[in-house]
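For reference, the structure discussed in these notes is given below.
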Amino acid sequence: MARRISWTNDGASPGSPSSLDVLLRWLTMPGNFERYQRLDGRAQNMFEIRTILVKEGLQPRSPAAVQVKIWTLVKQFRDAEEWLKNNGLHDFTANAAAKRQVLRLCPHYPQLGPAMQRVLSPPDMCQTLNDKSDDDSDTESESAYGTVCQEEPSSEDEGQFRDSAATQLLKDAAWRALTHARYQRSKRPAEDAPVEEEPSCCKAEVREAERVALRNEEQEERRKLFQYELQVKHDEAVCVRALKRQKMLRAGIAREEVDRLLPQ
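Numbering-wise (the numbering used here), the sequence shown opens with residue 1 and increments by one.
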């Protein structure tokens with residue numbers, strides 16, 4: 001089995017851009033992501049990205065690998081946007097907790113935001129929200145917990161990268177964090193109630209949930225890659241067969257004989 005090549009550590013030389021750097025640069029160039037969304041130009045876009053990778057001295061990726069990676073980035077961005085929307089936030093830097101959660105869901109959110117918001121998000125999501133105060137941190141914690149517990153599976157093409165075990169771990173960790181924060185907050189005056197950091201007892205479970213989600217993401221990428229490559233091979237075989245039929249017909253071979261040798 002061929003060794004999988006990392007998207008983040010495959011630079012041609014130390015300090016040179018990785019495949020992910022090149023892909024992010026292409027996606028964030030004005031007009032590129034909007035052009036990518038048009039299905040009729042997907043093949044040309046994939047060829048363009050592969051050409052840039054080669055120019056940067058990187059190993060060319062298959063169209064399926066590039067496609068799946070873009071799907072992954074889009075899925076991460078949509079998850080972050082959905083979390084912001086469910087919590088009544090438009091600015092992911094509104095407070096430290098929001099920024100931390102958004103970057104966990106979508107590590108490249110600051111880079112992808114300007115390009116993807118215009119194309120994927122409704123108009124009101126692109127507006128700037130005034131900074132919210134951090135006084136009601138308990139309400140924010142409950143809202144964040146509700147988002148984790150009530151999140152519905154997405155039907156988008158990029159698929160789901162989290163299974164029920166990972167979701168349950170996140171629910172349990174979020175609930176324990178909320179309970180601990182309420183207990184600590186009740187022990188001191190309300191005016192001296194800063195936002196609680198996540199309890200250390202939950203960090204290991206959250207990290208394990210993230211590892212499970214990452215494994216599921218990798219498995220889903222491999223599955224989509226396999227399906228896409230099967231489709232590409234099928235399409236190539238159809239094209240080759242059609243060209244051979246044309247050549248035989250032009251050479252004067254009877255159509256009945258062509259149909260016998262290369263049935264449509």
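Glycine included, C-beta positions come from ideal geometry on N, C-alpha and C.
Where does residue i fall in DSSP's three states?
i: residue 79; result: helix
i: residue 262; result: coil
i: residue 162; result: In this prediction, residue 162 scores a pLDDT of 38, lower than 50, which makes its location untrustworthy; no coordinate-derived value is stated.
i: residue 11; result: coil
i: residue 113; result: helix
i: residue 209; result: helix
i: residue 242; result: helix
i: residue 234; result: helix
Please report how far the alpha carbon of residue i lies from the alpha carbon of residue j, in whole angstroms.
i: residue 251; j: residue 237; result: 21 angstroms
i: residue 263; j: residue 241; result: 9 angstroms
i: residue 72; j: residue 258; result: 45 angstroms
i: residue 12; j: residue 106; result: 26 angstroms
i: residue 91; j: residue 109; result: 11 angstroms
i: residue 208; j: residue 218; result: 15 angstroms
i: residue 24; j: residue 248; result: 46 angstroms
i: residue 220; j: residue 67; result: 13 angstroms
i: residue 216; j: residue 223; result: 11 angstroms
i: residue 255; j: residue 245; result: 9 angstroms
i: residue 31; j: residue 230; result: 30 angstroms
i: residue 58; j: residue 40; result: 27 angstroms
i: residue 83; j: residue 74; result: 14 angstroms
i: residue 98; j: residue 21; result: 25 angstroms
i: residue 15; j: residue 260; result: 58 angstroms
i: residue 102; j: residue 86; result: 12 angstroms
i: residue 243; j: residue 43; result: 20 angstroms
i: residue 265; j: residue 212; result: The requested residue 265 does not occur in the structure, where the chain is confined to residues 1 to 264.
i: residue 50; j: residue 96; result: 37 angstroms
i: residue 88; j: residue 80; result: 12 angstroms
i: residue 69; j: residue 234; result: 22 angstroms
i: residue 113; j: residue 239; result: 39 angstroms
i: residue 56; j: residue 10; result: 11 angstroms
i: residue 119; j: residue 93; result: 21 angstroms
Thinking residue i and residue j are a contact (beta carbons under 8 angstroms), I'd like their distance in whole angstroms, please.
i: residue 35; j: residue 45; result: 7 angstroms
i: residue 115; j: residue 47; result: The Cβ separation is near 20 angstroms, so there is no contact.
i: residue 65; j: residue 232; result: Not a contact, Cβ separation roughly 11 angstroms.
i: residue 322; j: residue 26; result: There is simply no residue 322 to check, as the chain begins at 1 and stops at 264 in what is shown.
i: residue 111; j: residue 28; result: 6 angstroms
Is there a Cβ of chain D sitting closer than 8 angstroms to that of residue i, yes or no?
i: residue 57; result: In the structure shown, chain D does not exist; there is a single protein chain.
Query - Secondary structure, beta strand (DSSP E): runs of 3+ residues fully inside the segment 13–100 - result: none
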